[in-house]
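Visitor: Have a look at this one before I ask anything.
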Amino acid sequence: MADSLACDVVVIGGGIMGSATALFLRRRGLTVTLLERDLCGSRSSGVNFGGVRRQGRPMAQMPLAQRSHQIWGRLKELIGIEAEYERSGHFKIARSLTDMESLNRYAEQARDHGLGLQLIEGRSALRKFFPAVGADAVGGSLCPEDGQANPRLLSPAFAHAARAAGADVREHAPVQAVEHDGTRFVVEFLQNGQALRIKSPALVNCAGAWAAPFAAQWDEPVPLQALPPTMGVTEPLPFFLTWSLGVEGGGVYCRQVRRGNVVFGGGRGYTLDSLRARSSHVAILEQLPQLVALLPQLRTAHVIRTWSGTEGYLPDNQPVLGASARCPGLFHAFGFAGGGFQLGPGVGDVMAELVAEGRTETPIDSFAIRRFLPAPT
Numbered sequence: 001m002a003d004s005l006a007c008d009v010v011v012i013g014g015g016i017m018g019s020a021t022a023l024f025l026r027r028r029g030l031t032v033t034l035l036e037r038d039l040c041g042s043r044s045s046g047v048n049f050g051g052v053r054r055q056g057r058p059m060a061q062m063p064l065a066q067r068s069h070q071i072w073g074r075l076k077e078l079i080g081i082e083a084e085y086e087r088s089g090h091f092k093i094a095r096s097l098t099d100m101e102s103l104n105r106y107a108e109q110a111r112d113h114g115l116g117l118q119l120i121e122g123r124s125a126l127r128k129f130f131p132a133v134g135a136d137a138v139g140g141s142l143c144p145e146d147g148q149a150n151p152r153l154l155s156p157a158f159a160h161a162a163r164a165a166g167a168d169v170r171e172h173a174p175v176q177a178v179e180h181d182g183t184r185f186v187v188e189f190l191q192n193g194q195a196l197r198i199k200s201p202a203l204v205n206c207a208g209a210w211a212a213p214f215a216a217q218w219d220e221p222v223p224l225q226a227l228p229p230t231m232g233v234t235e236p237l238p239f240f241l242t243w244s245l246g247v248e249g250g251g252v253y254c255r256q257v258r259r260g261n262v263v264f265g266g267g268r269g270y271t272l273d274s275l276r277a278r279s280s281h282v283a284i285l286e287q288l289p290q291l292v293a294l295l296p297q298l299r300t301a302h303v304i305r306t307w308s309g310t311e312g313y314l315p316d317n318q319p320v321l322g323a324s325a326r327c328p329g330l331f332h333a334f335g336f337a338g339g340g341f342q343l344g345p346g347v348g349d350v351m352a353e354l355v356a357e358g359r360t361e362t363p364i365d366s367f368a369i370r371r372f373l374p375a376p377t
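With our numbering, you'll find the sequence shown wraps up at 377, consecutive numbering, no jumps.
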């Protein structure tokens with residue numbers, strides 16, 4: 001087995017988190033090897049809904065979301081493309097007075113975070129503001145600078161930019177084993193049928209829904225659950241929906257791309273095996289009446305495709321992000337509960353800062369892996 005490979009940092013996982021981490025590590029001058037089992041961005045980072053929102057996030061995530069928001073604003077400079085990103089706004093619909101009260105409370109909590117939320121209350125005001133909305137809606141909350149992007153373009157573009165910046169990006173390179181020789185991590189992986197080994201003093205676990213075994217190996221077991229979403233897209237329709245839409249309390253979400261197709265989601269799909277998932281016709285049939293009630297224009301629209309993926313969830317719906325509590329040089333970034341797309345660039349910047357400098361200016365203590373570990377005796 002080859003034993004000549006070495007670098008400053010090995011990143012496991014080539015989704016948006018891992019690829020952004022590799023890019024920002026290179027911009028800080030560290031040598032990086034990124035190992036991806038399949039193609040970069042081909043898993044949940046490339047098949048998600050494409051919403052780029054801060055509205056609705058827990059307050060603990062807001063500093064990270066704001067850091068990421070700034071990076072989204074300079075995508076062309078960083079990765080060479082904009083990936084259909086636009087700050088179209090994110091509108092969260094209230095279907096009851098209770099929902100509207102919840103939106104008001106959230107706006108008050110988020111007041112100091114710079115979201116610029118605009119509350120629209122009452123059916124009459126809502127119809128003037130959003131004429132296309134159905135009769136079930138009683139109000140809503142707009143975050144004007146949230147938006148949407150194409151994940152199928154963005155996630156691979158981060159990996160391409162990392163490679164262009166000098167990172168050693170290796171696709172179709174599944175990790176077989178990780179050890180520590182007392183000085184450095186020793187990562188064994190396969191590529192083109194050949195067993196290879198690389199040594200590094202730092203290891204970043206960005207393996208998404210498959211990250212738990214890497215954490216457990218270092219005595220950091222976490223209750224990570226893999227769940228498949230269900231999403232679909234309609235035929236192209238006359239453009240009528242500027243914003244990305246969500247619903248207070250959950251249920252469905254949707255956005256219309258400039259080509260006219262409406263992308264939508266909600267509910268769960270089916271897990272086929274550890275690597276594959278499919279959409280659920282039951283979930284689709286539950287989504288469609290809700291969508292039509294909110295947007296009557298969709299009543300006669302044809303659904304042309306459905307899909308799923310695999311996302312990692314932790315019991316508190318918060319990610320694990322930061323340094324290992326057990327193993328110096330090990331770092332984690334996983335478990336974003338289906339909401340990692342907007343956070344991805346900021347997570348990469350934070351992880352690179354943490355690895356390179358041993359600290360980060362963005363508060364991430366709420367996401368420490370130690371919250372799942374037994375208290376020391």
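Even for Gly, the Cβ is constructed at its ideal location relative to N, Cα and C.
Which runs of the alpha helix (DSSP H), 4 residues or longer, sit entirely within the segment 279 to 367?
Guide: DSSP runs (the alpha helix (DSSP H)) wholly in the segment 279 to 367: 281 to 294, 340 to 357.
Visitor: Report all residues from its chain with a CB closer than 7 Å to the CB of N150; omit the five preceding and five following residues, and keep chain order.
Guide: Translated into the one-based positions of the sequence shown, residue 150 becomes position 150. If we look at N150 and ignore the five residues flanking it on each side, its Cβ neighbours are G50, A83, E84.
Visitor: What number of angstroms, rounded off, separates the C-alpha of S200 from the C-alpha of V10?
Guide: Position 200 of the sequence shown, counted from the start, is the residue given in the question as residue 200. Position 10 of the sequence shown, counted from the start, is the residue given in the question as residue 10. For S200 and V10, the distance between alpha carbons rounds to 6 Å.
Visitor: Would you say V47 lies against chain C (beta-carbon separation less than 8 Å)?
Guide: Although the question refers to chain C, the structure presented lacks it and comprises just one protein chain.
Visitor: DSSP on D8, reduced to helix/strand/coil?
Guide: Within the sequence shown, residue 8 is the residue found at index 8, counting from 1. It is coil, neither helix nor strand.
Visitor: Please identify the residue among K128, S141, E145, R28 whose C-alpha is closest to the C-alpha of Q70.
Guide: Your numbering for residue 70 matches position 70 in the sequence shown. For the residues K128, S141, E145, R28, the minimum Cα distance to Q70 belongs to E145.
Visitor: Find out if the Cβ-Cβ distance for the pair A167, R26 is shorter than 8 Å.
Guide: As a working note, residue 167 is residue 167 in the sequence shown. As a working note, residue 26 is residue 26 in the sequence shown. Yes, these two residues count as a Cβ contact at 8 Å.
Visitor: If we require 4 or more residues per run, which alpha helix (DSSP H) segments fall completely within the segment 151 to 209?
Guide: Whole alpha helix (DSSP H) segments, 4+ residues: 151 to 164.
Visitor: Count the CB pairs spanning the segment 86 to 100 and the segment 43 to 61 that are closer than 8 Å, and state whether there are at least three.
Guide: Counting Cβ pairs under 8 Å, three or more are found: they touch.
Visitor: Say whether the segment 231 to 239 touches the segment 271 to 288, bearing in mind that this needs 3 or more beta-carbon pairs closer than 8 Å, one atom from each stretch.
Guide: Enough Cβ pairs lie closer than 8 Å, so yes.
Visitor: Just the Cα atoms here: how many angstroms apart are G329 and E361?
Guide: Residue numbering aside, residue 329 sits at position 329 when the sequence shown is read from its first letter. Residue numbering aside, residue 361 sits at position 361 when the sequence shown is read from its first letter. Roughly 19 Å separates the two Cα atoms.
Visitor: Using a Cβ-Cβ cut-off of 6 Å (strictly less than) and excluding sequence neighbours within five positions of E188, which residues of its own chain qualify?
Guide: Residue mapping note: residue 188 aligns to position 188 of the sequence shown, counting from 1. The residues are Q176, A177, R197.
Visitor: Can you tell me the Cα-Cα spacing of I284 and Q148, whole angstroms?
Guide: Position 284 of the sequence shown, counting from 1, holds the residue named residue 284. Position 148 of the sequence shown, counting from 1, holds the residue named residue 148. The alpha-carbon atoms of I284 and Q148 are separated by roughly 22 Å.
Visitor: On the three-state DSSP scale, how would you describe Q109?
Guide: Translated into positions along the sequence shown, residue 109 becomes position 109. Q109 falls in the helix class under three-state DSSP.
Visitor: For G246, report the span of its alpha helix (DSSP H) as first-last.
Guide: Here residue 246 refers to the residue found at position 246 when the sequence shown is read from its first residue. Here G246 belongs to no alpha helix (DSSP H); instead the beta strand (DSSP E) covers 244 to 247.
Visitor: Can you tell me whether G246 is buried or exposed, with buried defined as 16 or more other CB within 10 angstroms of its CB?
Guide: The count along the sequence shown starts at 1 and reaches residue 246 at position 246. Label assigned to G246: buried.
Visitor: For A215, which three-state DSSP category applies?
Guide: Locating residue 215 in the sequence shown gives position 215, counting from the first residue. It is helical.
Visitor: Do G249 and D99 have their CB atoms nearer than 8 Å?
Guide: By one-based count along the sequence shown, residue 249 stands at place 249. By one-based count along the sequence shown, residue 99 stands at place 99. Yes.
Visitor: In terms of residues, what are the limits of the beta strand (DSSP E) holding I79?
Guide: The sequence position of residue 79 within the sequence shown is 79, counting from 1. Unbroken run through I79 is the alpha helix (DSSP H), 75 to 79; no beta strand (DSSP E).
Visitor: Strictly by DSSP, which residues pair up with E86?
Guide: Position 86 of the sequence shown, counting from 1, holds the residue named residue 86. According to DSSP, which records beta bridges pairwise, E86 is partnered with Q148.
Visitor: Hey, is the segment 286 to 296 in contact with the segment 29 to 41, meaning 3+ C-beta pairs nearer than 8 Å?
Guide: Flag = no, the segment 286 to 296 and the segment 29 to 41 do not touch.
Visitor: Rounded to a whole number of angstroms, what is the C-alpha to C-alpha distance between V138 and P289?
Guide: Sequence index remark: in the sequence shown, residue 138 carries index 138 (1-based). Sequence index remark: in the sequence shown, residue 289 carries index 289 (1-based). Near 18 Å, if we compare the C-alpha coordinates of P289 and V138.
Visitor: Among residues of its own chain, excluding the 5 on either side of M1, which ones have a beta-carbon nearer than 8 Å to its beta-carbon?
Guide: Position 1 of the sequence shown holds residue 1. With a pLDDT of 47 at M1, under the threshold of 50, the modelled position of that residue is not reliable, and the figure given next carries that caveat. So the list reads E188, A195, L196, R197, once near-sequence residues are dropped.
Visitor: Just how far apart, CA to CA, sit V318 and A212?
Guide: Indexing the sequence shown from 1 puts residue 318 at position 318. Indexing the sequence shown from 1 puts residue 212 at position 212. The identity of residue 318 in the sequence shown is Gln, whereas the question assumes Val. Distance between the alpha carbons of Q318 and A212: 15 Å.
Visitor: Under 8 Å between the Cβ atoms of L190 and A207?
Guide: One-based indexing of the sequence shown puts residue 190 at position 190. One-based indexing of the sequence shown puts residue 207 at position 207. Contact flag unset, no.
Visitor: Enumerate in chain order the residues of its own chain whose CB-to-CB distance from L275 is below 8 Å, with the five nearest sequence positions on each side excluded.
Guide: In the sequence shown, counting from the first residue as 1, residue 275 sits at position 275. Around L275: T310.
Visitor: Count the C-beta pairs between the segment 348 to 359 and the segment 11 to 23 that are closer than 8 Å, then say yes if the count reaches three, no if not.
Guide: Contact between the segment 348 to 359 and the segment 11 to 23 is present, because at least three Cβ pairs lie under 8 Å.
Visitor: So what's R95 in DSSP terms, helix, strand or just coil?
Guide: Numbered from its first residue, the sequence shown carries residue 95 at position 95. Three-state result, R95: coil.
Visitor: What's the C-alpha gap between L272 and G29?
Guide: Taking the sequence shown and counting its residues from 1, one reaches residue 272 at position 272. Taking the sequence shown and counting its residues from 1, one reaches residue 29 at position 29. Whole-angstrom Cα-Cα distance: 41 Å.
Visitor: Taking the alpha helix (DSSP H) that V47 falls in, what are its first and last residues?
Guide: One-based indexing of the sequence shown puts residue 47 at position 47. First-last of the alpha helix (DSSP H) with V47: 44 to 47.
Visitor: Which one or two residues does DSSP pair with I120 in a beta bridge?
Guide: For the purposes of this step, residue 120 is taken as the residue at position 120 of the sequence shown. Answer is G140.
Visitor: Buried or exposed: F240, going by 16 or more other Cβ atoms within 10 Å of its Cβ?
Guide: Working through the sequence shown from its first residue, we reach residue 240 at position 240. Exposed is the call here.
Visitor: Output needed for R255: all residues of its chain with C-beta closer than 6 Å, excluding positions within five of it in sequence on either side, in chain order.
Guide: The residue you call residue 255 lines up with position 255 of the sequence shown. Counting only Cβ-Cβ distances below 6 Å, and skipping sequence neighbours, we find Q148, S244, V263.
Visitor: What's the gap between the Cα of V355 and the Cα of L35?
Guide: As a position in the sequence shown, residue 355 is number 355, starting the count at 1. As a position in the sequence shown, residue 35 is number 35, starting the count at 1. Roughly 17 Å separates the two Cα atoms.
Visitor: Using three-state DSSP, classify P63 as helix, strand or coil.
Guide: By one-based count along the sequence shown, residue 63 stands at place 63. Here P63 sits in helix by DSSP.
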